[in-house]
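Trainee: Numbering-wise (this note's numbering), the sequence shown opens with residue 2 and increments by one.
Glycine included, C-beta positions come from ideal geometry on N, C-alpha and C.
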Amino acid sequence: MNPRGRKVAARVALVLASLLLALEVGARLFAPASVFTPLLPLYPQVKAVLDVDLRGVSRHGRLTTNRWGLRGEEPPEDWDAWETWIAVGGSATQCFYLDDEKTWPHLLQQRLRERDPRTWIGNGGIDGQTTRSHLVFLDKVVRVLHPDAVLLLLGVNDLTLSICEDLRLFGSPHDRAMWPEDSWRMRLFRWSRLFQLGYRWSAVLSEDVLLVRAAHRTYEPRPLGPDPTPLPADLREILPGLPEFRSNLKALIDSGRDMGVRTVFVTQPILFADAEPWRGIEGEFFWIRRQIGRFSAADLRRMLDVFNRETVEVCRANAVPCFDLAAEVPSSEEFYYDPAHFTEKGAALVADKVAAFLAERSGR
């Protein structure tokens, strides 16, 4: 390249570098990063108005987050003088389309305050998160905040990992096995807000991300079509994610003990039951784009029950409390607006059941 060409190339490179720097600054100013780590979308001081049309959910509501990016009240200033909890889970914990004061973690806080007014619960539910993500949450959030206890509602998203044809459907970097931890891409992802936004948009445009639709829809059951996928006698044979799920449960328990934070586990209820009429209903989680087969709704419940039994067994083996909520919430559209998300009445029932379990555990 002649001197004139090199000079032009240098100027172009300088302009591009300046533009990227300006975009990075703009991204940090107008699209702030998560409070704790870019791996977890916990954004502080969100104030959103909800306008939804879902069975069993108020048309209008509020969704706000506190200074830590958790749904719920601001944390108490005299932190150590309070009984502090963080609810960890996916969208069934987040209760995105329910008003702040109608989510089950908020209602649970109200129930617990009847016995101890100095009780605080932060809602750390994040849509689509699996036990892989929960391990990151404990390490990056719980380890920093050090509440007295964490309450983990889990199961259905780990089941989803097993029945998706393509694990790339999961958009969280730790769920998607995106890049090695020591790669330049992962280092850049951790540092650059612009790169984080670009990654998420590229995932959306390529349809490689587990998308939550702008508005969930009320579930309407459909008759099971012809030739459903046959299931083996031992469902574990078609649930390849189960060994990792069990390992992650043990790691969550160990992490809590290492930090001196109590862990309480809760099994995952869903609308479907292993009974009529669900055996003749198409089994679907609408957020899964490509499922490994066609199953009845009862089949999906049986698969989830395998994960729930793992939760109970691992907790029993490691002497940590586990509440089998899945056995306590009836299979009724009164309590769910879709296969896995609670109506307001369902959230209230969950809060009542969990509060009673914790009261029994504490002997009060």
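Taking C-beta to C-beta, are R144 and M260 nearer than 8 angstroms?
Mentor: yes
Trainee: Contact between the stretch 75 to 93 and the stretch 37 to 54 is defined here as three or more beta-carbon pairs at a separation below 8 angstroms; is this criterion met?
Mentor: no
Trainee: In the DSSP assignment, find the beta strand (DSSP E) that holds D159 and state where it starts and stops.
Mentor: Note, D159: premise wrong, no beta strand (DSSP E); alpha helix (DSSP H) at V157 to I164.
Trainee: Determine the direct distance from the alpha carbon of G126 to that of Q279, and round the result to whole angstroms.
Mentor: Reading the sequence as shown, one finds Trp at residue 279 and not Gln. Taking the straight line joining both Cα atoms gives about 28 angstroms.
Trainee: Nearest to P331 by CA position, among L71, Q269 and E311, is which residue?
Mentor: Ranking the options by Cα distance to P331, first place goes to Q269.
Trainee: Looking at C-alpha atoms only, which residue of A349, R218, D100 and E335 is the closest neighbour of R63?
Mentor: D100
Trainee: Could you tell me which of L71, T65, R119 and S92 sits nearest to A348, measuring between CA atoms?
Mentor: S92
Trainee: For I289 and C165, which I take to be in contact (beta-carbon distance under 8 angstroms), what is that distance rounded to the nearest angstrom?
Mentor: 6 angstroms
Trainee: According to DSSP, W288 sits in a beta bridge with which residue or residues?
Mentor: W288 is not bridged to any residue.
Trainee: Looking only at its chain, what residues have a beta carbon closer than 6 angstroms to the beta carbon of R112, apart from the 5 residues adjacent to it on each side?
Mentor: A352 and A356
Trainee: Report the rounded CA-to-CA distance for L136 versus F273, giving the unit in angstroms.
Mentor: Here the alpha carbons of F273 and L136 stand approximately 28 angstroms from one another.
Trainee: Count the other C-beta atoms from every protein chain shown that fall within 10 angstroms of the C-beta of G70, then say buried if there are 16 or more, exposed otherwise.
Mentor: buried
Trainee: Note the first and the last residue of the continuous alpha helix (DSSP H) segment covering F266.
Mentor: Element bounds for F266: not the alpha helix (DSSP H) but the beta strand (DSSP E), R263 to T268.
Trainee: Tell me which same chain residues have a C-beta within less than 6 angstroms of the C-beta of G257, skipping the five on either side of it?
Mentor: T264
Trainee: What's the call for A299, buried or exposed, on a 16-neighbour Cβ count within 10 Å?
Mentor: buried
Trainee: For V151, does the three-state DSSP call read helix, strand or coil?
Mentor: strand
Trainee: Can you pull the DSSP bridge partners for R63?
Mentor: For R63, the beta-bridge partners assigned by DSSP are V50.
Trainee: For F308, which option in N124, L160, G73 and E78 has the closest C-alpha, if you only look at C-alpha atoms?
Mentor: L160
Trainee: Would you report the Cα separation of T219 and D117, rounded to the nearest angstrom?
Mentor: 37 angstroms
Trainee: Among all the DSSP beta bridges, which residues are the ones paired with W86?
Mentor: I122 and A150
Trainee: On the DSSP letters alone, give me the boundaries of the alpha helix (DSSP H) that A313 sits inside.
Mentor: In the sequence as displayed, the identity of residue 313 is Val instead of Ala. Where V313 is concerned, the enclosing alpha helix (DSSP H) stretches over A298 to A318.
Trainee: Cβ atoms of L41 and V157: under 8 angstroms apart, would you say?
Mentor: no
Trainee: What does DSSP give as the partner residues of I282 in its beta bridges?
Mentor: P224
Trainee: Between L326 and V267, which are expected to be in contact by the criterion C-beta below 8 angstroms, what is the C-beta distance as a whole number of angstroms?
Mentor: 5 angstroms
Trainee: Which same chain residues end up closer than 8 angstroms to E283 when comparing Cβ atoms and leaving out the 5 residues on each side of it in sequence?
Mentor: Cβ within range, chain order: P222, R223, P224, L225, G226, R295, S297 and A298.
Trainee: Out of curiosity, what's the CA-to-CA distance linking N249 and R133?
Mentor: 7 angstroms
Trainee: Which of helix, strand or coil does DSSP assign to F324?
Mentor: strand
Trainee: Roughly how many angstroms lie between the CA atoms of N67 and P45, to the nearest whole one?
Mentor: Roughly 6 angstroms between the two C-alpha positions.
Trainee: Looking at the structure shown, is F336 part of a helix, part of a strand, or coil, going by DSSP?
Mentor: coil
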